[in-house]
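Asks:
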Amino acid sequence: MDDTTKLPQDRLWQPTTAKWLLAVFGATLAYAILRYHIASGVSWSHFPLFIMNKAVSLAATVLVACSYLVGRVLRWHDDDPRKKLVVVKFCGLVGFSFAALHAI
């Protein structure tokens, strides 16, 4: 039996939300690397601070936008309102956390 089936449905950190977080952050990190290192010629010594800060800020923007859009789009699909709330809360809280990390 898989341990993930025992998780409560209203828990924020689930395998699905973790995969989405990694996908969004991975995509924004890849975009930042392509834009700043490959296209603009920024030296790789700026990767740990400058490029990660760009990726975190873009991921925060995407996650907060996803939080808003999921709430609006799923309004018409009320199959499982608890799952909708979990996704909206997860995207909003993680997006806000990334924005706070970016501001530091």
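Numbered according to numbering that gives the first Met the number 0, the sequence shown spans residues 0 to 103. Ideal placement from N, C-alpha and C gives every residue a C-beta, glycine not left out. Predicted model only: the values in this text are computed from it and were never measured.
So, residue 16 versus residue 95, is the Cβ gap smaller than 7 Å?
Replies: Locating residue 16 in the sequence shown gives position 17, counting from the first residue. Locating residue 95 in the sequence shown gives position 96, counting from the first residue. No, they are not a contact pair.
Asks: If you compare alpha carbons, which of 34, 25, 40 is closest to residue 62?
Replies: In the sequence shown, residue 62 corresponds to position 63, counting from 1. When each option's Cα is compared against that of residue 62, the closest is 25.
Asks: Check whether the Cβ atoms of residue 101 and residue 54 sit closer than 7 Å, and answer yes or no.
Replies: Along the sequence shown, read from residue 1 onward, the residue named residue 101 stands at position 102. Along the sequence shown, read from residue 1 onward, the residue named residue 54 stands at position 55. It is not a contact, given that the beta carbons lie outside the stated cut-off.
Asks: In terms of residue numbering, what span does the alpha helix (DSSP H) encompassing residue 19 cover?
Replies: For the purposes of this step, residue 19 is identified with residue 20 of the sequence shown, where counting begins at 1. Counting along the chain, the alpha helix (DSSP H) containing residue 19 begins and ends at 14 to 31.
Asks: When you compare the CB positions of residue 87 and residue 66, do they come within less than 7 Å of one another, or not?
Replies: As a position in the sequence shown, residue 87 is number 88, starting the count at 1. As a position in the sequence shown, residue 66 is number 67, starting the count at 1. Going by C-beta atoms, residue 87 is nearer than 7 Å to residue 66.
Asks: Buried or exposed: which applies to residue 72, given that a residue is buried once 16 or more other Cβ atoms fall within 10 Å of its Cβ?
Replies: To locate residue 72, count along the sequence shown from 1; it is residue 73. Label assigned to residue 72: exposed.
Asks: Report yes if the C-beta distance between residue 30 and residue 50 is below 7 Å; otherwise report no.
Replies: Indexing the sequence shown from 1 puts residue 30 at position 31. Indexing the sequence shown from 1 puts residue 50 at position 51. Contact flag unset, no.
Asks: Alpha carbon to alpha carbon, what distance is there between residue 81 and residue 69?
Replies: Translated into positions along the sequence shown, residue 69 becomes position 70. Translated into positions along the sequence shown, residue 81 becomes position 82. The alpha-carbon atoms of residue 69 and residue 81 are separated by roughly 13 Å.
Asks: Give every residue of the same chain whose Cβ lies closer than 6 Å to the Cβ of residue 98, excluding the five residues on either side of it in the sequence, and list them in chain order.
Replies: Here residue 98 refers to the residue found at position 99 of the sequence shown. Closer than 6 Å at the Cβ level, and outside the excluded window around residue 98, lie 59.
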